[in-house]
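Novice: Below you will find the structure I want to go over with you.
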Amino acid sequence: GELGRLDEALVLMRVIYTRRVALLGALHHDTILSGNNQVASLLRLERWDEATTLLRDQLPLARQSLGADHNMTLGMSSNLAAALANDPKHTRDDLLEAETIMQD
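If you're matching positions, the sequence shown starts at 1 in my numbering and goes up one per residue.
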């Protein structure tokens with residue numbers, strides 16, 4: 001079903017991201033967009049740990065390249081908060097971090 005297609009899409013997104021890093025660099029807008037697309041798929045697949053890890057890598061790059069107030073950077077921050085809060089294995093610290101992110 002749909003989850004199988006999302007898994008297939010995620011594989012392709014990872015290939016695109018890897019190629020964009022190699023060709024354009026990690027700070028290029030298109031590369032950051034590719035990373036963000038991966039995050040969206042990971043969240044739909046409820047792969048919280050992977051989404052959190054990727055977001056922790058991508059957010060500093062987005063802030064540096066696009067700025068802290070850019071729409072994509074803000075969306076990535078929101079996605080990190082959602083991944084932390086929605087993970088069934090979340091800790092109290094995860095919830096506090098999610099709350100802090102949303103307040104910033």
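Note that beta-carbon positions come from the ideal geometry of N, C-alpha and C, so glycine has one too.
Please return the same chain residues whose Cβ sits closer than 7 angstroms to the Cβ of Arg14, not counting the five positions on each side in sequence.
Specialist: Walking along the sequence shown from the start, residue 14 turns up at place 14. Once the five neighbours on either side are set aside, the close Cβ partners of Arg14 are Gln38.
Novice: Can you give, in chain order, each stretch of the alpha helix (DSSP H) that sits fully within the segment 44-80 and has at least 4 residues?
Specialist: The segment 44-80 contains these whole alpha helix (DSSP H) runs: 48-66.
Novice: Evaluate Ala53 with the Cβ neighbour count: other Cβ atoms within 10 Å of its Cβ, from every protein chain shown; 16 or more gives buried, anything less gives exposed.
Specialist: Translated into the one-based positions of the sequence shown, residue 53 becomes position 53. The question names Ala, yet the displayed sequence has Thr at residue 53. Classification for Thr53: exposed.
Novice: Count the other CB atoms, across all protein chains shown, that sit within 10 Å of the CB of Gly1; report buried if there are 16 or more and exposed otherwise.
Specialist: Counting from 1 along the sequence shown, the entry for residue 1 is found at position 1. For Gly1, the pLDDT reaches just 48, beneath the cut-off of 50, and the residue's location in the model is therefore unreliable, leaving the point undetermined.
Novice: Along the chain, where does the alpha helix (DSSP H) containing Thr100 start, and where does it finish?
Specialist: Within the sequence shown, residue 100 is the residue found at index 100, counting from 1. Per DSSP, Thr100 belongs to the alpha helix (DSSP H) from 92-103.
Novice: According to the neighbour-count rule (16 or more other Cβ atoms, all chains shown, within 10 Å of its Cβ), is Met102 buried or exposed?
Specialist: For the purposes of this step, residue 102 is taken as the residue at position 102 of the sequence shown. Exposed.
Novice: Using 8 angstroms for Cβ pairs, my map puts Leu27 next to Ser77. What's the rounded Cβ distance?
Specialist: Stepping through the sequence shown from its first residue, residue 27 is reached at position 27. Stepping through the sequence shown from its first residue, residue 77 is reached at position 77. Going by Cβ atoms, the distance from Leu27 to Ser77 rounds to 18 angstroms, so no, they are not a contact pair.
Novice: Going by alpha carbons, who is nearest to Arg47 out of Pro60, Leu10, Thr100?
Specialist: As a position in the sequence shown, residue 47 is number 47, starting the count at 1. With distances taken between Cα atoms, Arg47 lies closest to Leu10.
Novice: Using the C-alpha atoms, what's the distance from Ile16 back to Leu24?
Specialist: Taking the first residue of the sequence shown as position 1, residue 24 is located at position 24. Taking the first residue of the sequence shown as position 1, residue 16 is located at position 16. Rounded to whole angstroms, Leu24 to Ile16 spans 11 angstroms at the Cα level.
Novice: How should Gly67 be labelled, buried or exposed, when 16 other C-beta atoms within 10 angstroms of its C-beta is the threshold for buried?
Specialist: If you number the sequence shown from 1, residue 67 lands on position 67. With fewer than 16 other Cβ atoms within 10 Å, it is exposed.
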